[in-house]
Amino acid sequence: MPRRRSLHATRWDSIRSPGDQDKWSRLPMQAFPTITISTIIAVRSHRAGVVRFESPGYFPLVLLSMKQAQPCGTGLDSVLFCGGASADVSPSLDIPELPDLEADLRALIAAIPAGKLTTCGMLAEALGDRAAAVWIGRWLQEHAHHDSCHCHRVVRVGGVVGGYARDAAFKLARLRAEGALLPDGSWNPEALLPREVLHSVLPSPPLAELRRWQEEVRRAVRLQPLANPPEYLGGVDASYGVRGEAVAAYCHVRRSDGQLLESIVVRQPCRFPYISGYLAFRELPVMLAAVSAARRAGLRPDLLLVDGAGVLHPRRAGLASHLGVLLGTPTVGVTKKLLCGTLPQGEPQLPGAASPIVLDGETMGVCLRSQSGHARCVYVSPGHLVDVTDGATWTAACFPRRLPETIYWADRISRQASRRPG
DNA sequence: GCGACAG
DNA sequence: ATCTTGTCGC
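Residue 82 in our numbering sits at position 93 of the first sequence, and the numbers go up by one each step.
Below, the structure is given as structure tokens:
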């Protein structure tokens, strides 16, 4: 009997009492400046013959940033999931305060005067990384523009004015009226806003700051063999609802037979966009919440598989490394596409086979083909407290479908939950 | 010049 | 990641 007994009814019953809900609503939120609030939307046992726990309502979940485990002592720790006891977490790194990139982007665009122009790439540079250009381009296409906004002054490289939400003609007319166009209809290169102007709007570019934090994570990462063969494997993945809210699922799988034992789903608002290389800042909060909730329910994986890269990352600090460092637990990153690195031997051909992935002349990951020999491989790299070999070995241990079982279930369950209303 | 670029 | 129709396969 199972270690899983900790997911018994009593603990959850205490959470469900109306009195506790009241306590929650009276909690002074100002007391927790960097707190992340999540909602548990499902806790399930998947073992046949075992009572299934379905949470009927939504419970608040509070994840304190790691340095702030103190406020748990308010007597609410039976109600709130406070990131666990302080011994659970590595106190060395704190979750950084996330910038409001959309507000920063609006500020940059507002700073483009009439008659002047800029490009997505230059705006991205001003935010701190050219990689943000893709998101900016999409934002400009989707965001509802007003007569007073300056979004029409963002053009494409090479003279093409480019789209503008659904009204390219309006954009063209305004630019012509502002004198930024040449007679042939292309935009005037001399109208380009100098870099310094945008730089002065955001003297400390937010993405550059986040990069500095990634370097801290990189320094904290330890790649080492796993002490013991893992008995339980965890998997986390995130999906997004129609209103953009993030939903994460943690799935607990028994390594010996690959069976899904338990799952936990949490939800929280999400403001940070997807930018290649910065996925951690989009998904870390909701994933930390899911894993913390799992911990409080007694689910402690010996190895956590994350849907995202580990050290196979431009700064060797992918999502899985962030999770590992913040939780102080062994993590492995698993992706469906390669973010960086090369395959000197190509992809493995045989079912269940592996081939190395090299980054900067060093084997930093492994390409795995499933035991069923699926056409598409996965790309595995250690996140933290595990090495390349062990990470790949235990990822391959429960891998009968296209994705490792942990990731398969987390993907499926989070997606299903994100499509539900609420 | 064009594509690539975890989710 | 999400948006979508039909289509292929077990």
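Built from N, CA and C at the ideal position, the CB exists for glycine as well.
Please classify Leu52 as buried or exposed, where buried requires at least 16 neighbouring CB atoms within 10 angstroms.
Translated into positions along the first sequence, residue 52 becomes position 63. Any reading at Leu52 must be qualified, since the residue scores a pLDDT of 45, below 50, and its modelled position is unreliable; no value is offered.
Find out if the Cβ-Cβ distance for the pair Val295, Thr318 is shorter than 8 Å.
Position 306 of the first sequence, counted from the start, is the residue given in the question as residue 295. Position 329 of the first sequence, counted from the start, is the residue given in the question as residue 318. No; because the gap between Cβ atoms is not below 8 Å, this pair is not in contact.
Leu392 to Val369 span [Cα, whole Å]
By one-based count along the first sequence, residue 392 stands at place 403. By one-based count along the first sequence, residue 369 stands at place 380. For Leu392 and Val369, the distance between alpha carbons rounds to 11 Å.
C-beta contact flag for Ala169 and His139 at 8 Å:
Here residue 169 corresponds to residue number 180 of the first sequence, with the count starting at 1. Here residue 139 corresponds to residue number 150 of the first sequence, with the count starting at 1. For Ala169 and His139, no; Cβs fall outside 8 Å.
Quick one, which of Leu222, Glu336, Leu273, Ser34 has its alpha-carbon nearest Val314's?
Mapped onto the first sequence, residue 314 falls at position 325. Closest by alpha carbon: Leu273.
For Ile264, which residues in the same chain have their Cβ closer than 6 Å to its Cβ, ignoring the five residues on either side in sequence?
Your numbering for residue 264 matches position 275 in the first sequence. Excluding positions up to five away in sequence, the list reads Ala120, Ala121, Trp124.
Whole alpha helix (DSSP H) runs in the region 207 to 291 with 4 or more residues, listed along the chain?
268 to 285
For Cys259, which residues in the same chain have their Cβ closer than 8 Å to its Cβ, ignoring the five residues on either side in sequence?
Mapped onto the first sequence, residue 259 falls at position 270. Same-chain partners within the cutoff: Tyr229, Gly233, Glu234, Ala235, Arg271, Pro274, Val275.
Rounded straight-line distance, which links the Cα of Ala227 to that of Arg33
For this step, residue 33 is matched to residue 44 along the first sequence. For this step, residue 227 is matched to residue 238 along the first sequence. Taking the straight line joining both Cα atoms gives about 17 Å.
Out of His311, Ala103, Glu351, point me to the one whose CA is closest to Ala180's CA.
By 1-based counting over the first sequence, the position of residue 180 is 191. Checked all of His311, Ala103, Glu351; the closest Cα to Ala180 is Ala103.
Are there 16 or more other CB atoms within 10 angstroms of the CB of Pro194, so buried, or fewer, so exposed?
Here residue 194 refers to the residue found at position 205 when the first sequence is read from its first residue. When all chains shown are included, Pro194 counts as buried.
How big is the Cα-Cα spacing for Cys109 and Ala133?
Here residue 109 refers to the residue found at position 120 of the first sequence. Here residue 133 refers to the residue found at position 144 of the first sequence. About 17 Å.
Beta-bridge partners of Thr331, as assigned by DSSP
The sequence position of residue 331 within the first sequence is 342, counting from 1. In the DSSP output, where bridge partners are listed per residue, Thr331 has Val347.
With contact counted as at least three CB pairs below 8 Å, one residue from each stretch, are the region 183 to 203 and the region 285 to 299 in contact?
no
Tell me which residue opens and which closes the alpha helix (DSSP H) that Gly372 is part of.
For the purposes of this step, residue 372 is taken as the residue at position 383 of the first sequence. Element bounds for Gly372: not the alpha helix (DSSP H) but the beta strand (DSSP E), 367 to 373.
What would DSSP say about Leu199, mapped onto helix, strand or coil?
In the first sequence, the residue the question calls residue 199 occupies position 210. Reduced to three states, the DSSP call for Leu199 is helix.
Outcome for Ala385 when other beta-carbon atoms lying within 10 angstroms are tallied against a minimum of 16:
Walking along the first sequence from the start, residue 385 turns up at place 396. That one is buried.
For the ligand FAD, any of its heavy atoms closer than 7 Å to the Cβ of Pro262?
Absent from the structure shown: the ligand FAD. Ligands present: none.
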